[in-house]
Amino acid sequence: MVKIKVTFPDGAIKEFDKGITTEAIAKTISTSLAKKAVAGNFNDQLIDYQQGLVEDGTLKIITKDSPEGLQVLWQTGAILLASALSELYPKMHFGEGKTTEHGFYFDTDNVDGQVAETEFEKISQKMKEFVKANMTIEYKVLSEQEALKAIDGDPYRMELVKKIAAENNGQVAVHVLGNFVDVSSGAKLAATKGVKIFQLLSVAGAYWKGVSSNPMLQRVYGTSFFKQKDLEAELKRRQEARERDHRVIGNDLDLFFVDPKVGAGLPYWMPKGATIRRTIERYIIDKEVSRGYEHVYTPILANLDLYKQSGHWDHYREDMFPPMDMGDGEMLELRPMNCPSHIQIYNRHIRSYRDLPLRIAELGMMHRYEKSGALTGLSRVREMTLNDGHTFVTPDQIEEEFKQTLQLMVSVYSDFDITDYRFRLSYRDPKNTHKYFDDDEMWEKSQKMLKAAMDDLGLDYYEAEGEAAFYGPKLDVQTKTALGGEETLSTIQLDFLLPEKFDLHYIGADGEEHRPVMIHRGIVSTMERFTAYLTEMYKGAFPTWLAPQQVTVIPVKNDLHLGYCEQLRDRLVANGVRVNIDERNEKMGYKVRQAQVNKIPYILVVGDKEVAEKGVSVRRYGQDNSKEVKIEDFVNEILADISSYSREVK
RNA sequence: GCCACUUUAGCUCAGCAGGUAGAGCACCACCAUGGUAAGGUGGGGGUCACCGGUUCAAAUCCGGUAAGUGGCUCCA
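Have a look at this one:
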């Protein structure tokens, strides 16, 4: 018998007969391990529990309680779903089934009408039947011919089989459950019994292979766990994510709305949302001015020629509103970006090397024609105001300015207590270069420069091809929305192109003309997206400095205490605090509840005792106790709170 | 833009084997009301998204348009 050598995570090496399964090996280690185990990780690849090992390698036994164990369960959930579907809808075709961050999906295409959520009951029932019957899931390696026969004319799986066969000497590994043959890879449990606890979640369209020119399949999402309480926790997590959604909170707290009569993606800011936005705007302008930025205002409309010169008309037209034909030959365009506007400011004067870095900033309103399906609340809109800035530097100032910009960003993030983000270096797509400005040398140079600066700063990042702006590579700061989507919040971009296009120059120490480099940057993103992000991060309970209403004053009895409340209010207003008296004819318990529901940071209750002692009874949002303090002390407390921004960890 | 679903009072939603609308909250009025999460009674409010079709009759069935939701594609 031929032997193979298997290395274990602890470094031990043992010999086994060739063809031995992970299951058999687990049993040699301990019966309790064999009980918990569901699969193996052999040479960094998940394999079935009963798949034979035919070569030397390292093996990790995968147990139920590991993340990889869940992957195996979800793979099994996917094939169970597909198998149940193929029995219910015999004409259905199948794409790939995969795992996601929180479960699994399978892509389907039904000629008699796509599956809808209304059929989940029926589908779940069929899946439960399969679980109850504890059907075996067989791992097989077939020839291309056998595999094609097994999938019986399904065009999508046929494509997969041909591709896999071409890559594996004509061999195709498949899993078979009932009548269904799954050609998508991934280790699975040996039988359906393990997928006892599952839930179908939603359906959504998805292009075959993620290519928009391909047909659209129906993707059915589900999730599964080994324990009921884990499923319940996951469903609760999903529910809480929905409650955190800025669209829900924005509606409940009356922050903003979008009116179909006015147009999709054109948000209205209600007084409370506008207060939050104004606070952010004042904050960031002050911060930038203190860092040497010069804030300007420029028109949101410009002659189309400006965007022809900048290259936007060539490379960004899809995202632009169509130009307005003024009838006399003039074409006006709603600007999609502010860079050309700031270039005009640079060009207004002859610039000396002594002027650089020149930092131009603006809360610049822009319009982009986003596709209807992309619009989402405040985070994806067609009219937006970007915290935009462009620094014009000499080539040898690039690195220093990049680092300073990054420092500014980190400082702002700290003020807002934003901690959950990743840096992404966004390069052009080398296979699709026509989307970008055509200058290989420029791209090579600037991409290398960005990477070197990040390495020099010792910051963690990941690299992504195809994410660059058309004019240059970017450092993006990626964050997550409540519902799990990834979004760019901040961005710093190097640009050698626009200075060329607009023939920018500065006079150097040598008295000659030189070409400056531009750094585009957005720190707090657009007001729309940033407000959406903060709303979700704070769950609508904005820290005091941002809260639309910071204090509510509740008199115990209007007739006796209203006068004192007014004095108190005036004192706070004089200190710039946003405060209201709740003098409605209601019980105070009712008013306290209203204040809590509206997530107002401070509730001040005032009765005889407070009047007598020139004090207030203070209750913080989310707490169920209150404390008595002098007015003086409360004013100091809230002012300290406001000036600390969001930094205090609650 | 694409696939599926959804659209009923300011908000959240019920009603629907076709017979011209209901609840809770909010709002208004009156009564009650002194201590930290909802006092009572009454009232106003809807061309059932919009356009068309089927029918004696459409919120309900069918088609179209718009907007929204879940995703995909694309991006701050």
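Just so we're aligned, residue 107 is where the first sequence starts under the working numbering, counting upward by one.
For every residue, glycine included, the Cβ atom is placed at its ideal position computed from N, Cα and C.
Problem - DSSP three-state assignment for K693, whether helix, strand or coil - result: coil
Problem - W314, DSSP secondary structure in three states - result: helix
Exercise for the section: Measure the Cβ-Cβ separation of L469 and E387 and say whether it is below 7 Å. Expected result: Yes. Within cutoff.
Practice task
Return the chain-ordered list of same chain residues with a C-beta closer than 6 Å to the C-beta of F522, the five sequence neighbours on each side being excluded.
Solution key: S752
Handout entry: Residues that DSSP places opposite N493 in a beta bridge
Key = L469
Practice task
May I have a chain-ordered list of the alpha helix (DSSP H) segments no shorter than 4 residues that lie completely inside the segment 115–160?
Solution key: Here the runs fully enclosed are 128–135, 137–142.
Exercise for the section: Could you check the C-alpha separation between Y612 and L514 for me, to the nearest Å? Expected result: 26 Å
Exercise for the section: Compute the Euclidean distance between the alpha carbons of L254 and A140, then round it to the nearest angstrom. Expected result: 35 Å
Handout entry: C-beta contact flag for A467 and Y399 at 7 Å
Key = yes
Handout entry: Cα-Cα separation, F200 to T587
Key = 30 Å
Problem - Of the listed residues D288, K234, G209, nearest to E244 (C-alpha basis) - result: D288
Exercise for the section: Give the C-beta separation of L194 and I167 to the nearest angstrom, bearing in mind that I take them to be a contact with Cβ-Cβ under 8 Å. Expected result: 36 Å between Cβ atoms; not a contact.
Practice task
Report all residues from its chain with a CB closer than 7 Å to the CB of T164; omit the five preceding and five following residues, and keep chain order.
Solution key: Cβ neighbours of T164 beyond the five flanking positions: T113, N149.
Exercise for the section: Rank Y211, R621, Y374, G203 by C-alpha distance to the C-alpha of S290 and give the top, closest one. Expected result: G203
Practice task
Can you tell me which of the three DSSP states V583 falls into?
Solution key: Note: V583 maps to strand in three-state DSSP.
Handout entry: Distance between T169 and G175 (C-alpha atoms, nearest Å)
Key = 5 Å
Problem - Boundaries (first-last residue) of the alpha helix (DSSP H) holding Y727 - result: From DSSP, Y727 is part of no alpha helix (DSSP H); its letter is neither H nor E.
Practice task
Could you give the DSSP three-state label for T404: helix, strand or coil?
Solution key: coil
Practice task
In the DSSP assignment, find the unbroken beta strand (DSSP E) run with L440 in it and report its ends.
Solution key: Where L440 is concerned, the enclosing beta strand (DSSP E) stretches over 437–440.
Exercise for the section: Classify Q277 as helix, strand or coil using the three-state DSSP reduction. Expected result: strand
Problem - As assigned by DSSP and simplified to three states, the class of P605 - result: Note: P605 maps to helix in three-state DSSP.
Practice task
Give a yes or no on whether the C-beta atoms belonging to D601 and S532 are separated by under 7 Å.
Solution key: Cβ distance not < 7 Å, so D601 and S532 don't count as in contact.
Problem - Alpha carbon of S308 to alpha carbon of P649, nearest angstrom - result: 35 Å
Problem - N- and C-terminal bounds of the alpha helix (DSSP H) containing W549 - result: 546–563
Practice task
For N357, I'd like the list of residues in its chain whose CB is within less than 8 Å of its CB, leaving aside the five on either flank, ordered along the chain.
Solution key: F363
Handout entry: First and last residue of the uninterrupted beta strand (DSSP E) at Y533
Key = 528–533
Exercise for the section: Taking all protein chains shown into account, decide if D688 is buried (16 or more other Cβ within 10 angstroms of its Cβ) or exposed. Expected result: buried
Problem - Straight-line gap, D116 to F304 (C-alpha atoms, nearest Å) - result: D116 and F304 have their C-alpha atoms roughly 34 Å apart.
Handout entry: Run of the alpha helix (DSSP H) containing T356, from where it starts to where it stops
Key = Just to set this straight, residue 356 is Gly in the shown sequence, not Thr. Taken as a continuous stretch (DSSP letters only), the alpha helix (DSSP H) holding G356 covers 352–358.
Exercise for the section: Would you check if the distance between the CB atom of A188 and the CB atom of F286 is smaller than 7 Å? Expected result: Less than 7 Å divides the Cβ of A188 from the Cβ of F286.
Practice task
Could you tell me whether the segment 372–383 touches the segment 442–452, using the rule of 3 or more Cβ pairs below 8 Å?
Solution key: no
Exercise for the section: Starting from the Cα of H626, find the closest Cα among R397, T597, P605 and give me that residue. Expected result: T597
Problem - For R486: DSSP bridge partner residues - result: T482
Practice task
Starting from the Cα of L359, find the closest Cα among K693, P654, T497 and give me that residue.
Solution key: Ranking the options by Cα distance to L359, first place goes to P654.
Practice task
May I have a chain-ordered list of the alpha helix (DSSP H) segments no shorter than 4 residues that lie completely inside the segment 255–311?
Solution key: 261–273
Problem - Distance CB(P622)-CB(F498) smaller than 7 Å - result: yes
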